[in-house]
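For reference, the structure discussed in these notes is given below.
Protein chains in written order, with the working numbering: chain D, 2 to 399; chain E, 6 to 371.
Structural data, given as structure tokens:
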């Protein structure tokens, strides 16, 4: 079913791109393949192994946040991996020179001239690790209550959630915050940015097919692929993405796609990636940048919809099943955190500023945090976020 | 996909409902039909729900007495008696678990009575700590019938070894607290029905998300989907996991009665559908007669046919579902599939006929 929808979209995208001549007049020159498959002399010119590596590192780190015997040093080392260190269960990850932490809040557009904020953001992630180890792990076998960290089980013998003294699950804040801080920021504000795509001699090199040394791709092609990789990097076959193959952007694009109010978003994003990549091959940077804007708008919607969805599902369980409620609110916390990395198309601004995001998070953590947050607060934040993105709380939460 | 079809159907229903309203009289009734919902609710309360609770209460009184005798003298005879009365009460429990409304909903009664698999880690921790708060949400999987199942069959390998366990006063205390709590909770729910809630229940006849019938029918269908279909069959049969999980059957430690309990539950469910009295074969107003009023006897017949077909599949299973899953899980998943057909008829067709919306969503699982 999903495949049919995909191919219909591709067909219609092609049709539109061929018949419309009011977007620069160059669109018709770019013919997009139906899948993200690009060859040079019979070999694939697509490469994003570094993104796959970071997704897998992040998976292990997030799992490690729920192993109460882990030390802060162990987890910090997984976060800021150094080549050759035995931080992971996967030998390939240990051998890699990549690290997750180095790419958090590290985009060219947002942070190259704002290392102060970048450092604050990295410190947030470091702090969640530290607090998980120092405040939550020691209380793993105690029952959580207002003002006391510990364990709380979902009603009816459900999953046990491990909470800080305000009801927040640090592992959720970390995982959902990373969707923004790593994936969204790197895709939207780094690799899709002309500042990165066109850096140095990239345009001239791409125009005359000067390849990276020993590689099958131009530098610009590779940058675009790296953006692609932060969303599709864990797919078995990127020509037929099935989504929900990692617990970060892939999973939550799948969730948003499953909400009928947002159905179609997955193919919009995938098709824009294809057409943009084809435009690079065709040296048509106007079409390329138009696709980048489509991707920015649609990927930005993902954390926003999920933030509102979890605020509302948390609200519905408050006081009835607090472990379920706080779990949802912890996810919402991380998704709200991610909103500072979103990108309004054709602008240099996120949909919500860091200041706005910090204010919401502070509001959620006031007093005893989730233990005494009101439904009014949750509704207000939901409605304000929804309004910023142009959907309704109802659409995001049903 | 189903959700989409369902929405389309609902939308269509609305259109039909709206377009036909012009020709009807100007009564302010929100009910889309002339069926006497009050009579249905009254039959449910007086002839099915309250009698079932009364019987459960009696069975738990017996269980408590047998427990007291066992605590006083932990011998084999008293253990056998206690086990027998546990099973009798557990069978009757299958008749009330679907009524998660009123005080039962408020207390999360079923979460304190029948969450399995039991967490033996939590049970043993509670035993050794003493004075556990049995109502705390963390103990939902350490109380009720499944916890007693463990206490009577699972704390040691043989009856002799089990009896030895009860030389420890802490085991006696926990068993006693568990049974007393089950009896006390049931008494609270029953008393609420007989003293005040019955009147509230039968008089709430409108068609709104909070009215008795809408809530009841949602709870009824959710029960079938989750507690009967998924918990008793789907989860142990591995429908929701990579591999079967035989240790998740109901009454795992007893090992002989999971089928008995499942058949009891299926019978109770069908009786409620058809308005059959708890303690007699007489029938009254019911979902079935409601469907008749709506000229949908085809659907009530289909529901009964599908429930009967599911029962036939369940009857092919071993008394011990744990052995069944291990020896031939295909029979288990076939029973599940037959039950799933009932879910479709209930959740889509019956709710559509009643013009009632679903008030629950499937958890998104993360």
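Think of the CB as a built atom: it goes at the ideal place given N, C-alpha and C, for glycine as much as any other residue. Fair warning: this is a prediction, and the values are worked out from it, not measured in the lab.
Which chain E residues sit within Cβ distance under 8 Å of residue 393(D)? By one-based count along the first chain, residue 393(D) stands at place 392. Against chain E, a Cβ distance below 8 Å from residue 393(D) picks out nothing, because the smallest value is about 17 Å.
Could you check how far apart the C-beta atoms of residue 335(D) and residue 174(D) are, in whole angstroms? I think they sit under 8 Å. Residue mapping note: residue 335(D) aligns to position 334 of the first chain, counting from 1. Residue mapping note: residue 174(D) aligns to position 173 of the first chain, counting from 1. That belief holds up - the Cβ atoms of residue 335(D) and residue 174(D) are roughly 5 Å apart, short of 8 Å.
Is the shortest distance between the beta-carbon of residue 160(E) and the beta-carbons of chain D less than 7 Å? Translated into the one-based positions of the second chain, residue 160(E) becomes position 155. By this cut-off, residue 160(E) is not an interface position.
Of all the options 293(E), 301(E), 240(E), which has the alpha carbon lying nearest to the alpha carbon of residue 222(E)? Within the second chain, numbered from 1, the residue matching residue 222(E) stands at position 217. Looking at the Cα atoms, 293(E) is the closest of the given residues.
Tell me whether residue 216(D) is buried or exposed, calling it buried when 16 or more other Cβ atoms sit within 10 Å of its Cβ. As a position in the first chain, residue 216(D) is number 215, starting the count at 1. Counting other Cβ atoms within 10 Å of its Cβ, residue 216(D) stays below 16 and is therefore classed as exposed.
Contact under 7 Å by Cβ, residue 151(E) with residue 114(E): Here residue 151(E) is taken as the residue at index 146 of the second chain, counted from 1. Here residue 114(E) is taken as the residue at index 109 of the second chain, counted from 1. No, they are not a contact pair.
Assign residue 72(D) to one of three DSSP states: helix, strand, or coil. Locating residue 72(D) in the first chain gives position 71, where the first residue counts as 1. Collapsing the DSSP output to three states places residue 72(D) in coil.
Does the stretch 365 to 378 of chain D come close enough to the stretch 285 to 302 of chain D that 3 or more CB-CB pairs lie under 8 Å? Judged by Cβ distances under 8 Å, the stretch 285 to 302 of chain D makes no contact with the stretch 365 to 378 of chain D, as fewer than three pairs qualify.
Mind listing which residues of the stretch 146 to 162 of chain D have their C-beta closer than 9 Å to chain E's C-betas, in chain order? Residues 152, 153, 154, 155, 156, 157, 158, 159, 161.
What number of angstroms, rounded off, separates the C-alpha of residue 349(E) from the C-alpha of residue 230(E)? Your numbering for residue 349(E) matches position 344 in the second chain. Your numbering for residue 230(E) matches position 225 in the second chain. Distance between residue 349(E) and residue 230(E), taken at the CA atoms: about 10 Å.
Look at residue 259(E) and residue 158(E) and say whether their C-beta atoms are less than 7 Å apart. On the second chain, position 254 is the one that residue 259(E) refers to. On the second chain, position 153 is the one that residue 158(E) refers to. Taking 7 Å as the Cβ cut-off, residue 259(E) and residue 158(E) qualify as a contacting pair.
So with CB distances below 8 Å, who are the chain E contacts of residue 144(D)? The count along the first chain starts at 1 and reaches residue 144(D) at position 143. Correct list: 141, 143.
Of all the CB atoms in chain D, is at least one closer than 7 Å to the CB of residue 227(E)? Residue 227(E) sits at position 222 when you count from the first residue of the second chain. No, no contact with chain D.
Which chain E residues sit within Cβ distance under 9 Å of residue 324(D)? Locating residue 324(D) in the first chain gives position 323, where the first residue counts as 1. Within 9 Å Cβ-Cβ: 142, 143.
Check the Cβ of residue 104(E) against every Cβ in chain D and list those closer than 7 Å, keeping chain order. Locating residue 104(E) in the second chain gives position 99, where the first residue counts as 1. Taking the beta carbon of residue 104(E) as reference, no residue of chain D falls within 7 Å; the closest one sits roughly 16 Å away.
At least 3 beta-carbon pairs within less than 8 Å: the stretch 85 to 101 of chain D vs the stretch 164 to 173 of chain D: Proximity of the stretch 85 to 101 of chain D to the stretch 164 to 173 of chain D falls short of the contact definition, fewer than three beta-carbon pairs being nearer than 8 Å.
Starting from residue 107(E) and walking both ways along the alpha helix (DSSP H), at which residues does that stretch end? In the second chain, residue 107(E) corresponds to position 102, counting from 1. Per DSSP, residue 107(E) belongs to no alpha helix (DSSP H) and is neither H nor E.
For residue 113(E), return the contacting residues in chain D, with the cut-off set at a CB-CB distance below 9 Å. Within the second chain, numbered from 1, the residue matching residue 113(E) stands at position 108. What residue 113(E) touches in chain D, judged by beta-carbon distance under 9 Å, is 156, 157, 321, 322, going in chain order.
Since residue 212(D) is in the beta strand (DSSP E), which residue starts that stretch and which ends it? As a first step, residue 212(D) is located in the first chain; it is residue number 211 there, counting from the start. Boundaries for residue 212(D): no beta strand (DSSP E) harbours it, and the DSSP string shows neither H nor E there.
Which class does residue 149(D) belong to by DSSP, given the choice of helix, strand or coil? Here the question's residue 149(D) lines up with position 148 in the first chain. It is a strand residue.
Pull the bridge partners of residue 45(D) from the DSSP assignment, please. Start at 1 with the first residue of the first chain, and residue 45(D) comes out as number 44. Among the bridge pairs identified by DSSP, residue 45(D) is matched with 40(D).
Helix, strand or coil for residue 203(E) per DSSP? Within the second chain, numbered from 1, the residue matching residue 203(E) stands at position 198. Under the three-state reduction of DSSP, residue 203(E) is assigned to helix.
Can you tell me whether DSSP reads residue 195(E) as helix, strand or coil? By one-based count along the second chain, residue 195(E) stands at place 190. DSSP places residue 195(E) in helix when its eight states are reduced to three.
Assuming residue 162(D) is part of the beta strand (DSSP E), what are its boundary residues? Taking the first chain and counting its residues from 1, one reaches residue 162(D) at position 161. Counting along the chain, the beta strand (DSSP E) containing residue 162(D) begins and ends at 161 to 164.
C-alpha gap between residue 97(D) and residue 136(E), whole angstroms: Counting from one through the first chain, the residue named residue 97(D) turns up at place 96. Counting from one through the second chain, the residue named residue 136(E) turns up at place 131. Using only the alpha carbons, I get a separation of about 53 Å.
Below 8 Å on the Cβ atoms is my guess for residue 171(D) versus residue 340(D); work out the distance and round it to an integer in Å. What you label residue 171(D) is simply residue 170 of the first chain in a count that begins at 1. What you label residue 340(D) is simply residue 339 of the first chain in a count that begins at 1. At roughly 19 Å, the Cβ-Cβ gap does not stay under 8 Å, so residue 171(D) and residue 340(D) are not in contact.
Using a Cβ-Cβ distance under 7 Å, would residue 132(E) count as near chain D? By one-based count along the second chain, residue 132(E) stands at place 127. Judged by the 7 Å Cβ criterion, residue 132(E) is not in contact with chain D.
In three-state DSSP terms, what is residue 281(E)? The residue you call residue 281(E) lines up with position 276 of the second chain. In this structure, residue 281(E) counts as strand in the three-state DSSP scheme.
Please report how far the alpha carbon of residue 155(D) lies from the alpha carbon of residue 123(E), in whole angstroms. Along the first chain, read from residue 1 onward, the residue named residue 155(D) stands at position 154. Along the second chain, read from residue 1 onward, the residue named residue 123(E) stands at position 118. About 14 Å.
Distance between beta carbons of residue 337(E) and residue 345(E), contact taken as under 8 Å: If you number the second chain from 1, residue 345(E) lands on position 340. If you number the second chain from 1, residue 337(E) lands on position 332. Under the criterion of beta carbons closer than 8 Å, residue 345(E) and residue 337(E) do not qualify as touching, at roughly 13 Å.
Report the residue from 242(E), 98(E), 88(E), 204(E) whose alpha carbon sits nearest the alpha carbon of residue 46(E). As a first step, residue 46(E) is located in the second chain; it is residue number 41 there, counting from the start. Of 242(E), 98(E), 88(E), 204(E), the smallest CA-CA separation from residue 46(E) is found for 204(E).
Give a yes or no on whether 7 Å exceeds the smallest Cβ distance from residue 33(E) to chain D. On the second chain, position 28 is the one that residue 33(E) refers to. Bear in mind that the predicted position of residue 33(E) carries a pLDDT of just 36, short of 50, making it unreliable; the figure below should be weighed with that in mind. No, because no Cβ of chain D sits closer than 7 Å to the Cβ of residue 33(E).
If we count the other Cβ atoms within 10 Å of its Cβ and call it buried at 16 or more, is residue 343(D) buried or exposed? Your numbering for residue 343(D) matches position 342 in the first chain. With 16 or more Cβ atoms within 10 Å of its Cβ, residue 343(D) is classed as buried.
Output, in sequence order along the chain, the residues in the stretch 232 to 256 of chain E whose CB is closer than 9 Å to any CB in chain D. Residues are counted here when their Cβ sits less than 9 Å from a Cβ of chain D; for the stretch 232 to 256 of chain E the count is zero.
Where residue 190(D) and residue 383(D) are concerned, what is the direct C-alpha to C-alpha distance, given to the nearest angstrom? Locating residue 190(D) in the first chain gives position 189, where the first residue counts as 1. Locating residue 383(D) in the first chain gives position 382, where the first residue counts as 1. Counting only the Cα atoms, residue 383(D) lies some 25 Å from residue 190(D).
For residue 284(E), which option in 224(E), 41(E), 52(E) has the closest C-alpha, if you only look at C-alpha atoms? What you label residue 284(E) is simply residue 279 of the second chain in a count that begins at 1. The shortest CA-to-CA distance from residue 284(E) to any of 224(E), 41(E), 52(E) is the one to 52(E).
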